[in-house]
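All remarks here apply to the structure that follows.
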Amino acid sequence: MPRMLDVSEDVRAEIGDEEADRLLAGDNAPGSYDCTSCRTPGDSDQERTSTVLFVGEETAVLAFAHASCIPSQVVKVAEEQLQGAVRSIAATDAADELSAAHPEQAVLGVTSGLVLIEGELHPALVVEPTAPVARPGSDGLSDEFLPLLIEQGFQPIADVNQRPGTLPGWSVLVAMGQLHSVLQPGTGGSGQAAWWQAHQPLQVTEGWRAAANKSHTVLVFAAPVGSIGQQPREDLLRDALEKAAVNGRLVAAAMPLAGT
7 MPRMLDVSED VRAEIGDEEA DRLLAGDNAP GSYDCTSCRT PGDSDQERTS
57 TVLFVGEETA VLAFAHASCI PSQVVKVAEE QLQGAVRSIA ATDAADELSA
107 AHPEQAVLGV TSGLVLIEGE LHPALVVEPT APVARPGSDG LSDEFLPLLI
157 EQGFQPIADV NQRPGTLPGW SVLVAMGQLH SVLQPGTGGS GQAAWWQAHQ
207 PLQVTEGWRA AANKSHTVLV FAAPVGSIGQ QPREDLLRDA LEKAAVNGRL
257 VAAAMPLAGT
């Protein structure tokens, strides 16, 4: 049975068509693996599996993850962070060592939903990393995700019923009903750069799109890993946001809508 692997165009461009085709044919890919995102076992013979390529200046390590956790993608890391990882022969072991030693290489998960504030439905995005986020150059022992965002202008939220202020220079890009990216100010005043970008554009609901087109604004909430989780319904998402706010684990900002 062919393995159920996803190889993104970015990963294919890095590893080459020949290696990508070998992976898709079932060669050079493990049947079982430890997901580089959630750290639990996976089986590429039984479930959709993403190829994740960690790339340094001179070294690259191919890892695997549940497709339900993160999409196939290329993750840029510092070369020194890969040196310890590549001592392992198996790519999955190398990725395991990399992720365990360097939790700052988290992937941002983004969920869309509608949030009721003062009787009005607002389009919202909820951002939660897959692992703790360390400050560049730190020892990596503490989660600095919220402090880093607060330094960027995000506001701590104690009550989800209060609309956050607008964050200058940031915007949310939606085109043809699909979410493409969250944009932040570029360095040196050079326009905007992607803070988060979807590997493949994410479909949003008609209700979400209509609310965004009406207000021309999207509320972006962010919380540390483990605060929100994957909620199947918007009422459960709201409950998780409120709990994170009460516990001091939620920041937010309003951003202009770019696109339609």
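Each residue of the sequence shown is one higher than the last, beginning at 7 in this note's numbering.
Each residue gets a CB set at the ideal place from its N, CA and C atoms; glycine is no exception.
The Cβ atoms of D149 and P230 lie closer than 9 Å to each other. A distance below 9 Å separates the beta carbons of A260 and V224. Around the beta carbon of E240, 16 or more other beta carbons sit within 10 angstroms, so the residue counts as buried. Distance check between G125 and each of Q158, L155, Q168 places Q168 closest, using alpha-carbon atoms only.
With respect to the 9 Å criterion, S56 and D49 are not classified as neighbours on the basis of their beta carbons. Looking from the CA of V178, the closest CA among Q161, S221, A137 belongs to S221. Here G213 carries a helix assignment [DSSP, helix/strand/coil]. In the three-state scheme derived from DSSP, where H, G and I count as helix and E and B as strand, I76 is classed as coil. If you draw a straight line from the Cα of M10 to the Cα of D16, it is about 18 Å long. Nearest neighbour of V116 by Cα position, chosen from Q184, G62, G197, turns out to be Q184. By the neighbour-count definition (other C-beta atoms within 10 Å, threshold 16), V252 is an exposed residue. Under the DSSP assignment, V231 falls outside any beta strand (DSSP E); it carries neither an H nor an E label. When S233, A264, L242 are compared, the shortest CA-CA separation from V257 is found for S233. Per the coordinates, the alpha-carbon of L152 lies some 32 Å from the alpha-carbon of V13.
Note on geometry: alpha-carbon atoms of I76 and E53 lie some 13 Å from one another.
With respect to the 9 Å criterion, P135 and L114 are classified as neighbours on the basis of their beta carbons. W201 and R141 have their C-alpha atoms roughly 16 Å apart.
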